[in-house]
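First the structure, in the form of C-alpha cells, and then the observations on it.
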Amino acid sequence: MIMVLTGMTYNLKNPVDADARAWPARRPLLAELLRSAAPDVVGTQEGHHAQLLDIAADSGRYEILGAGRDADGGGEWCAVLYDPAVLTPVEQHHFWLSDTPDVPGSASWGNEVVRMATWARFRTAGGGELVWLNTHLDHRSAAARRRGAALIAERLAGVDGPLVVSGDFNCEPGSEPYAVLTGAGLADAWVAAEGRRFRTSGAGRVAAPAGQGTYGGWRAPRPDSGRIDWLLTRGPIVVHGAEICEDHDGGQWPSDHVPVRVELGLPAATPGT
1 MIMVLTGMTY
11 NLKNPVDADA
21 RAWPARRPLL
31 AELLRSAAPD
41 VVGTQEGHHA
51 QLLDIAADSG
61 RYEILGAGRD
71 ADGGGEWCAV
81 LYDPAVLTPV
91 EQHHFWLSDT
101 PDVPGSASWG
111 NEVVRMATWA
121 RFRTAGGGEL
131 VWLNTHLDHR
141 SAAARRRGAA
151 LIAERLAGVD
161 GPLVVSGDFN
171 CEPGSEPYAV
181 LTGAGLADAW
191 VAAEGRRFRT
201 SGAGRVAAPA
211 GQGTYGGWRA
221 PRPDSGRIDW
231 LLTRGPIVVH
241 GAEICEDHDG
251 GQWPSDHVPV
261 RVELGLPAAT
271 PGT
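One point on numbering: in UniProt numbering, the residue at position 26 of the sequence shown is 26, and numbering is uninterrupted.
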C-alpha cells in the first residue's frame with residue numbers, strides 16, 4: 001500500500017522588512033498560498049516564532065516543530081509545519097552547523113550568522129514512518145555550506161526508511177554541497193519527479209523547465225536563475241510530481257523566495273512493523 005504525502009520547502013523571509021514587504025502585508029498572501037497548495041508538511045526557513053504562530057493560526061491546520069537558532073532560543077527557526085491528521089511526531093532533534101553541533105547558538109567555518117538543522121521522525125497516518133530534516137545553509141561562505149552539508153550527511157548516515165531533506169541551500173545543483181548530499185544517497189526530488197510543473201496565480205499549472213529558479217528577490221525568478229531551494233529524498237519514496245509555486249498578487253509577493261512543492265508516494269506501513 002502507498003500513501004501520497006504533499007511536502008514543501010519555503011523560505012518565508014523574516015519579518016524585518018517594512019511597507020509592502022512587512023510581515024502584516026505578506027501574511028494573507030502566504031496564508032492563501034498554503035491554503036491553495038495544501039502541503040501536509042512544510043520545511044520553513046527564516047521564520048520567527050511569531051510568524052510561525054500566525055501561519056499555524058491562519059491555516060487552522062498546522063502544528064509547529066522546531067527551535068530558534070540563537071543560544072537563547074530566539075531568532076530564525078528551521079521549523080517544520082505539519083498536519084497532525086497526517087503526521088504524528090515520534091521524536092525531534094536540533095543541531096547547529098558548527099564544530100560543536102550540540103551547542104545551541106554555535107557557529108563555525110565562516111558562517112556569517114548561526115545556522116542549524118531541525119529533524120523529526122514522524123508516524124504517518126498510514127502506519128509508516130518518515131524522517132524529515134530541514135535546514136538553511138550559509139548565504140556567504142562556500143566552505144560553511146560544504147561543511148554544513150557534510151555534517152548533515154553524517155547525522156543522517158544511520159537513518160533508515162523514507163527520508164526527506166528540505167532547505168534553502170544558498171547554492172545550486174552541481175555545487176559542492178549538492179554533491180555531498182547526493183553522494184550520501186539523497187536524490188533531488190525536482191529532478192526525480194515524474195512530472196514538473198510551474199504554478200502562477202490565476203494561470204494554473206504549466207510545464208516547468210528543470211533549471212527553473214526559486215529566488216526572485218520579490219519578483220518572479222528568471223527561468224535561468226539559480227534553484228537554491230531543494231527537497232531531497234532517500235529510501236522507498238516515489239516523487240510523483242514537483243512544482244514551483246509563484247503565487248502572488250500583482251507586485252506583492254509572500255516572500256523573496258518561491259516555494260517548491262512535491263507529491264511523494266510513501267509506504268503506508270514501514271516494512272517489518
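Even glycine gets a Cβ: it sits at the ideal position worked out from N, Cα and C.
Q.
When you measure from the CB of ASN170 to every non-hydrogen atom of the ligand NAD, does any distance come out below 7 Å?
A. Annotation note on the ligand NAD: not contained in the displayed structure, which lists no ligands.
Q. Can you tell me the Cα-Cα spacing of VAL159 and GLU263, whole angstroms?
A. Roughly 22 Å separates the two Cα atoms.
(Q) Buried or exposed for GLU46, going by 16 or more other Cβ atoms inside 10 Å? (A) With at least 16 other beta carbons inside 10 angstroms of its own, GLU46 counts as buried.
Q) Taking only beta-carbon atoms, is ASP99 less than 8 Å away from chain D? A) In the displayed structure, chain D is absent; only one protein chain is listed.
Q | Pair within 8 Å by beta-carbon distance, THR9 and SER166 | A | Cβ distance < 8 Å, so THR9 and SER166 count as in contact.
Q. Count the other CB atoms within 10 Å of the CB of VAL260; is the residue buried (16 or more) or exposed (fewer)?
A. Buried: at least 16 other Cβ atoms inside 10 Å.
Q.
Measuring alpha carbon to alpha carbon, tell me which residue in ALA193, ARG145, ARG155, GLY161 is nearest TYR178.
A. It is ARG145 whose Cα lies nearest to the Cα of TYR178.
Q.
Check this for me: beta carbons of ALA269 and GLY161, under 8 Å apart or not?
A. It is not a contact, given that the beta carbons lie outside the stated cut-off.
Q.
What would DSSP say about THR6, mapped onto helix, strand or coil?
A. DSSP places THR6 in strand when its eight states are reduced to three.
Q: Using only alpha-carbon positions, find the residue among THR100, HIS94, ASP138 that is nearest to GLU112.
A: Measuring from the Cα of GLU112, the nearest candidate turns out to be ASP138.
Q.
Report the CB separation of PHE95 from ARG155 in whole angstroms; it is logged as a contact under 8 Å.
A. About 6 Å separates the two Cβ atoms, so the contact holds.
Q. Between ARG69 and ARG115, what straight-line distance do the alpha-carbon atoms span, to the nearest angstrom?
A. Taking the straight line joining both Cα atoms gives about 7 Å.
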